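S.K.: Mind having a look at this structure? Questions to follow.
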Amino acid sequence: MNKEHSWLDDLRDAMPDLSQNNPHNRIASLHYYLTYYGFDRNHLSSYRAGVVTSRRYNVFTQHFQPANPEAAVLLIHGFLDHSGGLSKTVNAFLEQNCEVILFDLPGHGLSDGSNGEVISFDDYLDALRDVYETVKTNVFCDQFIGAGHSTGAAILYHASSIRMLPFSSLILVSPLYFPHRWTWTRGFVHYTTKLLRRTKRVFKRNSEDRSYRAFIKEDPLQVQWIGTHWLKAMEAWQMRMHYSPVLRIPVYLIQGGRDNTVDEKENIRFYRQKCPNMQICYIPGGRHQLLNEQRVIRADVHERMIEFLRQPSVR
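Taken in order, the sequence shown gives residues 1 to 315; the numbers are from UniProt numbering.
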């Protein structure tokens, strides 16, 4: 570990229990984590952090609560990212009096697992279920709203469609189904799995926010390698989703028009077919990282998410 980020080792060693309230007040490395990733504590009344055991993984989980929350949101990051990358969205929810639960997917952030790897997307589903079951007793609000970006959005849809979790509504931001240029990528996957176990990550221009693009290149919790096992797991999951049940709860899909990570047209076609009670918000100038886009676009996305949450039918 680079000395500059030695606090990560300290945090892993001093990981609190989820039952402890405001552990960042006594654990310096956890306080530094919240500061480093820009979590705003001005609207925070209670904060919990710790691990949830899910199969062979310890899943890093956080629970942010304002004083009198009006809604509860379970928020999931995308592939290669981690919960720290969602700090701006967490802050936006807290400012609007929503409590937020988020966790690092297996193989990401502070959760267990090989960096960026997973053998089956079932590991993601199990982590989501186990986190939900663990934290639900500490949630003030009666109903959960699921919100996710990219792979996180896809996992929320999957869990909801098979009735694994009783979300009242979903917000899907740049959801995964077909990756960009999937026909070519699929051939690449089958070719590379015969030769390589993993490939070095290339940081694409997935946001117009220059400071964000610079930050993630230095972020010690960003995944640096793309495992071919993950690509095969994603392809197997995609085939399963083709036969997934129709989901009838309210769904809000937000998609950027300059996304070069997912195939926006095929994805919208898929989710429109599977989610008949779906609203679509199209952001022409937005790239894949809509939750970390330039300030004007990001603020617009957050405002639209909050407006959706406030609709009576959503809760």
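We put the beta carbon where it would ideally sit given N, CA and C, even for glycine.
Please read these numbers as outputs of a predicted model, since none were measured by experiment.
Can you tell me which of Ser150, Gln273, Tyr47, Asn21 puts its alpha carbon nearest to the alpha carbon of Gly256?
M.R.: Looking up residue 256 in the sequence shown gives position 256. That would be Ser150, whose Cα lies nearest to the Cα of Gly256.
S.K.: Helix, strand or coil, according to DSSP, for Tyr132 in the structure here?
M.R.: Locating residue 132 in the sequence shown gives position 132, where the first residue counts as 1. Three-state DSSP puts Tyr132 in a helix.
S.K.: To the nearest angstrom, report how far apart Val262 and Asn91 are at their CA atoms.
M.R.: For this step, residue 262 is matched to residue 262 along the sequence shown. For this step, residue 91 is matched to residue 91 along the sequence shown. Annotation: Val262 to Asn91 spans about 26 Å, alpha carbon to alpha carbon.
S.K.: Is the beta carbon of Thr137 closer than 8 Å to that of Leu18?
M.R.: As a working note, residue 18 is residue 18 in the sequence shown. As a working note, residue 137 is residue 137 in the sequence shown. Going by C-beta atoms, Leu18 is not nearer than 8 Å to Thr137.
S.K.: Given Gln238, which residues of its chain have a CB within under 7 Å of its CB, disregarding the five upstream and five downstream residues?
M.R.: As a working mapping, residue 238 is identified with position 238 in the sequence shown. For Gln238, where only same-chain residues beyond five positions count, the Cβ hits under 7 Å are Tyr177.
S.K.: Which of helix, strand or coil does DSSP assign to Gln273?
M.R.: For the purposes of this step, residue 273 is taken as residue 273 along the sequence shown, with counting starting at 1. Reduced to three states, the DSSP call for Gln273 is helix.
S.K.: Does DSSP put Glu95 in a helix, in a strand, or in coil?
M.R.: As a first step, residue 95 is located in the sequence shown; it is residue number 95 there, counting from the start. The answer is helix: DSSP assigns Glu95 an H, G or I state.
S.K.: Provide the residue span of the beta strand (DSSP E) that contains Gln238, from first to last.
M.R.: What you label residue 238 is simply residue 238 of the sequence shown in a count that begins at 1. Per DSSP, Gln238 is not a residue of any beta strand (DSSP E); the alpha helix (DSSP H) it occupies stretches across 228-241.
S.K.: Return the CA-CA distance between residue 316 and Ala233, expressed in angstroms with no decimal places.
M.R.: Only positions 1 to 315 of the chain appear in the structure, and residue 316 is not among them; the question remains open.
S.K.: Any idea if Ala67 is buried or exposed, counting beta-carbon neighbours within 10 angstroms, 16 or more meaning buried?
M.R.: The residue labelled residue 67 in the question sits at position 67 within the sequence shown. Under this definition Ala67 is an exposed residue.
S.K.: On the premise that Cys98 lies in contact with Glu117, defined as a C-beta separation below 8 Å, what is that separation, rounded to the nearest angstrom?
M.R.: For this step, residue 117 is matched to residue 117 along the sequence shown. For this step, residue 98 is matched to residue 98 along the sequence shown. At roughly 32 Å, the Cβ-Cβ gap does not stay under 8 Å, so Glu117 and Cys98 are not in contact.
S.K.: Would a C-beta distance cut-off of 8 Å place Leu94 and Ile76 closer than the cut-off?
M.R.: Sequence index remark: in the sequence shown, residue 94 carries index 94 (1-based). Sequence index remark: in the sequence shown, residue 76 carries index 76 (1-based). Result no, Cβ atoms of Leu94 and Ile76 do not sit closer than 8 Å.
S.K.: How is Gly85 classed by DSSP in three states: helix, strand or coil?
M.R.: Counted from its first residue, the sequence shown places residue 85 at position 85. Note: Gly85 maps to helix in three-state DSSP.
S.K.: Using CA coordinates, which residue listed in Ile249, His302, Leu34, Asn115 is at the minimum distance from Tyr271?
M.R.: On the sequence shown, residue 271 is found 271 positions in, with the first residue counted as 1. Ranking the options by Cα distance to Tyr271, first place goes to Ile249.
S.K.: Within 10 angstroms of its Cβ, does Ile162 collect 16 or more other Cβ (buried), or is it exposed?
M.R.: By 1-based counting over the sequence shown, the position of residue 162 is 162. Around the beta carbon of Ile162, a 10 Å sphere encloses fewer than 16 other beta carbons of the protein chains shown; the residue is thus reported as exposed.
S.K.: Label Phe60 either buried or exposed according to how many other C-beta atoms from any shown protein chain fall within 10 Å of its C-beta, with 16 as the threshold for buried.
M.R.: Counting from one through the sequence shown, the residue named residue 60 turns up at place 60. Phe60 comes out buried.
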